[in-house]
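Notes to accompany the following structure.
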Amino acid sequence: MSQDKNSNWLGVFAVALSATVFCTTEFLPVGLLRYIGDGLDVSEGTAGLMVTAPGLLAAVAAPFVTVAIKNHDRRLVLLGLSFLLAISNLVSMIAPNFMVLIFGRILFGVGLGGFWAIGAGLGGRLVEESQVGRATSIIFAGVSLGMLIGGPAGALIGDVVGWRAAFGAALAISVLAFVAQICSLPKLEVQQRVRPSDLLGIAQTQQGRIGLAAMFLVLVAQFATYTYVTPFLAQISGFGGGAISSILLGYTAIGLAGNFAGGAGASRSIRKTFIATIVFLMLPMFLLPVVGTSQVGTLALLAIWGLSYGAMPVALQMWMAKAAPNVAEGGMALFVANFQISIAVGSFVGGVVVDQLGLLNAMYIGGTLSALSLLTVLTLGRVSAKIDVAEVA
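Taken in order, the sequence shown gives residues 1 to 393; the numbers are from UniProt numbering.
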């Protein structure tokens, strides 16, 4: 099914759709924790394992799949991973108990890690060189959209028709994405297999190591807190289910605006934009425990939080691309693994803190980790400042 590169914009949009579905499915449980907890008789902290388990599996799967697939046609690999996504959503939808639900999420984690290790760099394989930036932006717009709508979509569907219907909707869209890839992706052969040594591409530069460390800390902070924002809004701020769904949708809309703002800012200074996103994530985390009983104050802080987090993925992607400009498919696996480990660790830490110390302390922990991320960038400022230079070592 080989096609001329000029005709493969449909392939770009098919990959972007799959990216959206993968990311939506990953964060869908964020808006469903209390519904799943009630329905399957587990605590909200335990239900948070639905975010932790896929993150850990994706972190392992990203480098493993990248090496294991050798020179196999990437089209067939992507189709297999997308099929696994559909199966995982089916298992999650019909799960009779929490253990089966976790099994479905484990299947999802394998597909997620493999998809990102392969799919993140496909823009350059589908279009002419002059259009690679645009194609990559479209694919990563799918990432940002999925990350932002997962929680709100889960909360809305869970509140109206139940948590199983949320996974049913994800199943339907994942099947659509699978069919779109069958119809539009060309044969994607590779000339050279990825070696285990290629997996360290990003970590081979100082800027890459600083970025990975700061990224880990701030994303752990994000998912130690945002994973449990639905119970926070219900228990601390006193919002009802319908209001929470609307709030999370508003968070999504603001986050999408932040995505474009982050791109504009990072085009001028990647480092300053990344620092700004950390600062404006940190402030709401520290302040929500103080003003969380005020619904107006909570909404204002969530707006700041959403704008900042919407900008962060763009800044991170540009940081890593600049830190390792020649990084190949294998090198991106480390970025994916770090991202997914951060999600898993964050949701796990948040679950432990929520169960043992309560929702307010989870916010304080997140704020502290964000502060450590900020210090990582600032105290290594002379090195990290080079990220805005055209060529970095």
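C-beta atoms are modelled at their ideal positions from N, C-alpha and C, and glycine is treated no differently.
The Cβ-Cβ distance between I138 and L78 does not fall below 8 Å. In this structure the stretch 6-15 does not lie against the stretch 163-173, because fewer than three pairs of beta carbons, one per stretch, are closer than 8 Å.
With 16 or more other Cβ atoms inside 10 Å of its own Cβ, N89 counts as buried.
By the CB criterion at 8 Å, G351 and L248 fall outside the cutoff. Our two residues, V290 and W319, have alpha carbons roughly 33 Å apart in a direct line.
About 26 Å separates the Cβ atoms of G123 and L57, ruling out a contact at the 8 Å cut-off. Around L360, the same chain offers P289 as residues with beta carbons nearer than 6 Å, after the five sequence neighbours per side are excluded. Taking L372 as the centre and dropping the five residues before and after it, the same chain places the C-beta of L217 closer than 7 Å to its C-beta, in chain order. If only complete runs of 4 or more residues are kept, the stretch 138-166 shows no alpha helix (DSSP H) anywhere. A distance of 8 Å or more separates the beta carbons of A323 and P63. Note on geometry: alpha-carbon atoms of P29 and A135 lie some 29 Å from one another. Here DSSP, grouped into helix, strand and coil, assigns I118 to helix. By the neighbour-count definition (other C-beta atoms within 10 Å, threshold 16), Q181 is a buried residue.
Assignment of D38 by DSSP, reduced to helix, strand and coil, places it in the helix class. A Cβ-Cβ separation of about 30 Å leaves G358 out of contact with A311 under the 8 Å criterion. In the three-state DSSP reduction, P289 falls in the helix class (H, G or I). Scanning its chain for C-beta atoms nearer than 7 Å, with the 5 sequence neighbours on each side dropped, one finds around F27 the residues M147, G150 and G151, in chain order.
The Cβ-Cβ distance between G367 and F260 does not fall below 8 Å. Between L40 and F103, the gap from beta carbon to beta carbon reaches 8 Å or more. Three or more Cβ pairs drawn from the stretch 335-354 and the stretch 210-224 lie within less than 8 Å of each other, which places the two stretches in contact. Assignment of F178 by DSSP, reduced to helix, strand and coil, places it in the helix class. The C-alpha of T376 is placed about 31 Å away from the C-alpha of G31.
Burial of G258 is indicated by the presence of at least 16 other C-beta atoms within 10 angstroms of its C-beta. When DSSP states are grouped into helix, strand and coil, A95 belongs to the coil group. When the beta-carbon positions are compared, S370 and L316 stay at least 8 Å from each other.
Annotation: the continuous alpha helix (DSSP H) that includes G250 extends over G241 to R268.
Shown here, E189 sits in coil according to DSSP, grouped into three states, outside any helix or strand. Judged by their CB atoms, G80 and Q340 are not nearer to each other than the 8 Å cut-off. Distance from D159 to G242 at the Cβ level is roughly 6 Å; contact confirmed, criterion being Cβ atoms closer than 8 Å.
Nearest C-alpha to M93 among G154, V60, G111 and T66: G154. The beta carbon of M50 is closer than 6 Å to those of P29 and R105 in its chain, skipping five residues each way along the sequence. In the same chain as G297, and ignoring 5 residues on each side of it, the C-beta atoms closer than 7 Å to its own belong to V291, in chain order. Taking each of F178, I365 and L302 in turn and checking the Cα distance to L84, the smallest one comes out for F178. For a cut-off of 8 Å, the C-beta gap from V100 to A19 is around 27 Å, too long to register as a contact.
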